[in-house]
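First up is the structure itself, then whatever we jot down about it.
In this note's numbering, the protein residues as written are 2 to 302.
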């Protein structure tokens with residue numbers, strides 16, 4: 002009976018080891034997916050480098066044709082003339098209001114023409130150069146994001162190379178850990194997909210802002226319509242969204258690393274796996290809300 006018992010215990014131990022090693026492999030695969038896709042050092046070619054550290058001026062989506070030059074051509078040839086017409090309507094309306102506001106011509110002040118001419122000059126300058134102004138805003142956001150990526154390049158998923166689950170657990174616990182690790186791996190794949198979609202949609206939105214930027218700027222000089230011109234804050238929020246995404250991933254990396262270290266110390270493995278899944282879900286949720294967070298900080302709602 003002793004030999005049979007030892008034989009059965011050996012088989013059970015082998016199965017437990019297999020389940021734990023499979024779980025460790027799933028965790029390592031999940032981390033490799035994130036590390037390869039989200040690595041922030043300049044030598045990498047991950048999603049972060051392609052979509053966050055590249056200014057809209059230089060963004061080519063991996064090809065040779067510049068999207069920026071196409072948007073610039075569309076803006077200058079199609080949108081700027083419309084913005085010029087809107088500016089003309091706004092300035093004429095302003096002139097009428099300025100003239101009749103002086104007690105129906107009884108208090109006529111010739112200085113209003115000087116102010117009106119200044120408005121015309123400033124409005125024309127803004128419309129003529131708004132594409133470059135908007136591009137500078139997004140380039141500033143790219144610079145800030147790149148600096149943040151450089152500061153976090155050594156910490157994002159840097160200490161997660163060796164994942165080891167230590168401790169003696171029952172068969173049921175080992176199987177539960179395997180199921181949770183598979184679920185976590187699936188969540189990580191979904192997280193990468195969501196990050197790619199968020200960053201791509203952000204880049205597309207940037208070019209849409211660039212293309213339509215002369216129209217809201219045409220109303221910036223009008224007291225009644227100037228709220229359209231406040232879309233400038235929306236541009237700033239969109240430019241800095243990448244910075245908040247980098248901060249979010251850096252925080253997630255630290256939390257994830259701390260849990261991996263706890264796994265190696267032999268703590269409650271099921272609780273730690275739940276923490277890992279919770280952090281991964283929190284990452285997805287925060288990435289999806291990064292645009293709203295940025296708009297809220299810059300008051301662009």
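Cβ coordinates follow ideal geometry from the N, Cα and C atoms, glycine included.
| Query | Result |
| --- | --- |
| Are the CB atoms of residue 197 and residue 53 within a distance shorter than 8 Å? | no |
| On a CA-only basis, which of 176, 281, 276 and 283 is nearest residue 15? Give me that one, please. | 176 |
| Figure out for me which residue from 128, 82 and 237 has the closest Cα to the Cα of residue 297. | 237 |
| State the start and end residues of the unbroken alpha helix (DSSP H) segment that holds residue 199. | 172–213 |
| Less than 8 Å between the C-beta atoms of residue 81 and residue 215, yes or no? | yes |
| For residue 18, is the classification buried or exposed, using 16 other Cβ atoms within 10 angstroms of its Cβ as the cut-off for buried? | exposed |
| Any idea if residue 93 is buried or exposed, counting beta-carbon neighbours within 10 angstroms, 16 or more meaning buried? | exposed |
| Going by DSSP in three states, residue 116 sits in which element: helix, strand or coil? | helix |
| Residue 84 lies in the alpha helix (DSSP H); which residues open and close that run? | 81–101 |
| Where does the unbroken alpha helix (DSSP H) through residue 306 begin, and where does it stop? | There is simply no residue 306 to check, as the chain begins at 2 and stops at 302 in what is shown. |
| From residue 234 to residue 139, what distance separates their C-alpha atoms? | 12 Å |
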